[in-house]
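**Q** Have a look at the structure that comes next, please.
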Amino acid sequence: MSQAEADLSGLTNPPENERCIKGSQANPADTPPVAIVAPPSPPESTTPHALPHVECMVRTRLPTTVGTCHVYLYRNDRDDKEHLAIVFGDRQTAWSRSLERPRAGESEMDRIVRGAAVGEGSHLQGSMQQAPLVRLHSECFTGETLGSVRCDCGEQLLEAMRAMHRQGHGIIVYLRQEGRGIGLLEKLKAYNLQDLGHDTVAANLMLSHPADARNYDVAVAILHDLGSASCRLLTNNPDKIEQLERGGSIRVVERVPMIPERWQQADTGDRARYTPNEMDSYLLTKVERMRHLLDLPRSVSEALSAASSPAPSTRHCL
Numbered sequence: 492m493s494q495a496e497a498d499l500s501g502l503t504n505p506p507e508n509e510r511c512i513k514g515s516q517a518n519p520a521d522t523p524p525v526a527i528v529a530p531p532s533p534p535e536s537t538t539p540h541a542l543p544h545v546e547c548m549v550r551t552r553l554p555t556t557v558g559t560c561h562v563y564l565y566r567n568d569r570d571d572k573e574h575l576a577i578v579f580g581d582r583q584t585a586w587s588r589s590l591e592r593p594r595a596g597e598s599e600m601d602r603i604v605r606g607a608a609v610g611e612g613s614h615l616q617g618s619m620q621q622a623p624l625v626r627l628h629s630e631c632f633t634g635e636t637l638g639s640v641r642c643d644c645g646e647q648l649l650e651a652m653r654a655m656h657r658q659g660h661g662i663i664v665y666l667r668q669e670g671r672g673i674g675l676l677e678k679l680k681a682y683n684l685q686d687l688g689h690d691t692v693a694a695n696l697m698l699s700h701p702a703d704a705r706n707y708d709v710a711v712a713i714l715h716d717l718g719s720a721s722c723r724l725l726t727n728n729p730d731k732i733e734q735l736e737r738g739g740s741i742r743v744v745e746r747v748p749m750i751p752e753r754w755q756q757a758d759t760g761d762r763a764r765y766t767p768n769e770m771d772s773y774l775l776t777k778v779e780r781m782r783h784l785l786d787l788p789r790s791v792s793e794a795l796s797a798a799s800s801p802a803p804s805t806r807h808c809l
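Per this note's numbering, residue 492 is the first one in the sequence shown, and the count goes up by one each step.
Listed below in structure tokens is the structure:
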């Protein structure tokens, strides 16, 4: 076999420890752990101000099917992306220091256009008596716009909005970190590798990317600008908690779990009828290989185990 043929074989025929689930992803529960390349940690700083500088450029009211929120658009000095804060509640929930700061030569109409307060309102500051509900959410075109079931990103965004609307306050920091930080192009390449039987972690590593390349320094800076020193964090991902609390930046007083709708309903009906899909495989990979804090329902575990049993005639491998 030539070297080129060997390279191709390695892509089209996943190793035995990455078995296909009837044309879907491999079942990580049956796989020995594969070394995960963690994203490089930022260098330790001797000062408490190693965060990027952020500035809120505009704030606007946005009525949605869930409820009314306010969208804050930020620029920063670390990347050229426009990150967002989606805020439910009034100025007691969040108050952007950088937005309200007077700018040289601006008129009252200039302030109105960018959503800053005018007159007496320009001196108001938020003073939340409790830690707000916060979600750090990374952009996902396929899940949020196209309704992809390869991931649960769209569902998580909607769930966070609903939870904050019910409580009357909350902040979603929406970060432009498509594909866990590798971008849409590389993410779509990873999908092709997943169709060959590799899970989401293995696919990233095969493309020479970390399993998770995201960084939350911009999110911390945005929360600081909005006056949040502590939060109740909507997440299953311990890495988000660790990054927020690194250096005492943000205190996470409570982790609020996010349980997928499918898994909430899994044990309420006939277990034998539960049919696993690609989202289940993706979620299981996050639990088994990325430390996500999520309990696997028994019915889902049984269905995934049955679906991953060797069945040569149904394998979607080349």
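Cβ coordinates follow ideal geometry from the N, Cα and C atoms, glycine included.
How big is the Cα-Cα spacing for Ala798 and Gln734?
**A** Here residue 798 refers to the residue found at position 307 of the sequence shown. Here residue 734 refers to the residue found at position 243 of the sequence shown. So the alpha carbons of these two residues sit roughly 36 Å apart.
**Q** Between the C-alpha atoms of Ser699 and His715, what's the straight-line distance to the nearest angstrom?
**A** Taking the first residue of the sequence shown as position 1, residue 699 is located at position 208. Taking the first residue of the sequence shown as position 1, residue 715 is located at position 224. If I take the Cα positions, the gap works out to 34 Å.
**Q** Based on the DSSP secondary-structure assignment, which residues constitute the bridge partners of Leu575?
**A** Counting from 1 along the sequence shown, the entry for residue 575 is found at position 84. Answer by DSSP bridge pairing, in chain order: Leu564, Tyr665.
**Q** I'd like the list of long-range same chain contacts for Leu684, defined as Cβ closer than 8 Å, with 5 residues on each side in sequence excluded.
**A** Taking the sequence shown and counting its residues from 1, the one referred to as residue 684 is at position 193. Cβ neighbours of Leu684 beyond the five flanking positions: Leu502, Ala693, Ala694, Met697, Leu698.
**Q** Among Met749, Thr551, Arg657, which residue has its Cα nearest to the Cα of Leu564?
**A** Residue mapping note: residue 564 aligns to position 73 of the sequence shown, counting from 1. Ranking Met749, Thr551, Arg657 by Cα distance to Leu564 puts Thr551 first.
**Q** What is the rounded straight-line gap between the Cα of Glu752 and the Cα of Gly718?
**A** Numbered from 1 along the sequence shown, position 261 holds the residue referred to as residue 752. Numbered from 1 along the sequence shown, position 227 holds the residue referred to as residue 718. Distance between the alpha carbons of Glu752 and Gly718 is about 32 Å.
**Q** By a C-beta neighbour count over all protein chains shown, 10 Å radius and 16 as the cutoff for buried, is Gly672 buried or exposed?
**A** Locating residue 672 in the sequence shown gives position 181, counting from the first residue. It counts as buried.
**Q** Heavy atom of the ligand FAD less than 7 Å from the Cβ of Arg566, yes or no?
**A** As far as ligands go, the structure on display features none, and thus does not contain the ligand FAD.
**Q** How close, in whole Å, do the beta carbons of Cys722 and Ile741 come, if the pair is a contact with beta carbons under 8 Å?
**A** Indexing the sequence shown from 1 puts residue 722 at position 231. Indexing the sequence shown from 1 puts residue 741 at position 250. Contact flag correct, Cβ pair sits at about 6 Å.
**Q** Taking just the CA atoms, how far does Gly688 sit from Arg806?
**A** Here residue 806 corresponds to residue number 315 of the sequence shown, with the count starting at 1. Here residue 688 corresponds to residue number 197 of the sequence shown, with the count starting at 1. Interpretation of Arg806 is limited by its pLDDT of 41, a score under 50 that renders its predicted location unreliable; the figure taken from the coordinates is listed afterwards. C-alpha separation (whole angstroms): 9 Å.
**Q** Please list, in chain order, all residues of the same chain as Ala757 whose beta carbon is under 7 Å from its beta carbon, the five residues on each side excluded.
**A** Within the sequence shown, the letter at position 266 stands for residue 757. The residues are Tyr765, Pro788, Ser790, Val791.
**Q** Given a cut-off of 8 Å, decide if Ala712 and Leu542 are closer than it, judged by their beta-carbon atoms.
**A** As a working note, residue 542 is residue 51 in the sequence shown. As a working note, residue 712 is residue 221 in the sequence shown. Their beta carbons are under 8 Å apart, which means Leu542 touches Ala712 by this criterion.
**Q** Hey, could you find the ends of the alpha helix (DSSP H) Arg657 is sitting in?
**A** By one-based count along the sequence shown, residue 657 stands at place 166. That run of the alpha helix (DSSP H) goes 644 to 658.
**Q** Report the residue ranges of all beta strand (DSSP E) runs contained in full by the stretch 711 to 742; include only those spanning at least 3 residues, in chain order.
**A** Whole beta strand (DSSP E) segments, 3+ residues: 721 to 725.
**Q** Who are the near neighbours of Glu677 in its chain, counting only those whose CB is closer than 7 Å to its CB and skipping five residues on each side?
**A** Walking along the sequence shown from the start, residue 677 turns up at place 186. Gly670, Leu698, His700.
**Q** Please return the same chain residues whose Cβ sits closer than 6 Å to the Cβ of Asn567, not counting the five positions on each side in sequence.
**A** Here the question's residue 567 lines up with position 76 in the sequence shown. Taken in chain order, the residues that qualify are Pro543, Val545, Val709.
**Q** What residue does the beta strand (DSSP E) around Glu599 start on, and which one ends it?
**A** Indexing the sequence shown from 1 puts residue 599 at position 108. Unbroken run through Glu599 is the alpha helix (DSSP H), 599 to 604; no beta strand (DSSP E).
**Q** Would you identify the three-state DSSP class for Leu775, choosing helix, strand or coil?
**A** Locating residue 775 in the sequence shown gives position 284, counting from the first residue. Looking at Leu775 - three-state DSSP - the assignment turns out to be helix.
**Q** By Cβ distance, which residues of its chain are closer than 6 Å to Arg626, with the 5 residues on each side in sequence left out?
**A** Numbered from its first residue, the sequence shown carries residue 626 at position 135. Only Ala651, Ile663, Leu725 meet the Cβ criterion.
**Q** Could you work out which residue in Val578, Val604, Arg582 is closest to Met548 when comparing CA atoms only?
**A** Translated into positions along the sequence shown, residue 548 becomes position 57. Nearest of Val578, Val604, Arg582 to Met548, Cα basis: Val604.
**Q** Any idea if Lys731 is buried or exposed, counting beta-carbon neighbours within 10 angstroms, 16 or more meaning buried?
**A** Numbered from 1 along the sequence shown, position 240 holds the residue referred to as residue 731. Classification of Lys731: buried, given that the 10 Å Cβ count is 16 or more.
**Q** Tyr623 and Thr559 look like a contact to me (Cβ under 8 Å); what is the Cβ gap, rounded to whole Å?
**A** For this step, residue 623 is matched to residue 132 along the sequence shown. For this step, residue 559 is matched to residue 68 along the sequence shown. According to the sequence shown, residue 623 is Pro rather than Tyr. Contact doesn't hold; Cβ gap of about 17 Å is too wide.
**Q** Where Thr556 and Ile577 are concerned, what is the direct C-alpha to C-alpha distance, given to the nearest angstrom?
**A** Stepping through the sequence shown from its first residue, residue 556 is reached at position 65. Stepping through the sequence shown from its first residue, residue 577 is reached at position 86. Whole-angstrom Cα-Cα distance: 14 Å.
**Q** Relative to the alpha-carbon of Leu795, which residue among Met781, His783, Ser772 has its alpha-carbon at the smallest distance?
**A** Along the sequence shown, one-based indexing puts residue 795 at 304. Ranking the options by Cα distance to Leu795, first place goes to Ser772.
**Q** Taking 8 Å as the threshold (C-beta atoms), are Leu649 and His628 in contact?
**A** To locate residue 628, count along the sequence shown from 1; it is residue 137. To locate residue 649, count along the sequence shown from 1; it is residue 158. No. Outside cutoff.
**Q** Taking buried to mean at least 16 other C-beta atoms within 10 Å of its own C-beta, is Gln668 buried or exposed?
**A** Counted from its first residue, the sequence shown places residue 668 at position 177. Burial call: buried.
**Q** Does any CB atom of chain B fall closer than 8 Å to the CB of Pro751?
**A** Looking for chain B here will not work: only one protein chain is present.
**Q** Under three-state DSSP, which class holds Arg746?
**A** As a working mapping, residue 746 is identified with position 255 in the sequence shown. It is a strand residue.
**Q** Which residues does DSSP list as the beta-bridge partners of Thr551?
**A** Here residue 551 is taken as the residue at index 60 of the sequence shown, counted from 1. Looking at the DSSP assignment, Thr551 forms a beta bridge with Val562.
**Q** On the DSSP bridge list, what partners appear for Val625?
**A** Residue numbering aside, residue 625 sits at position 134 when the sequence shown is read from its first letter. Val625 pairs with Ile662, Leu724.
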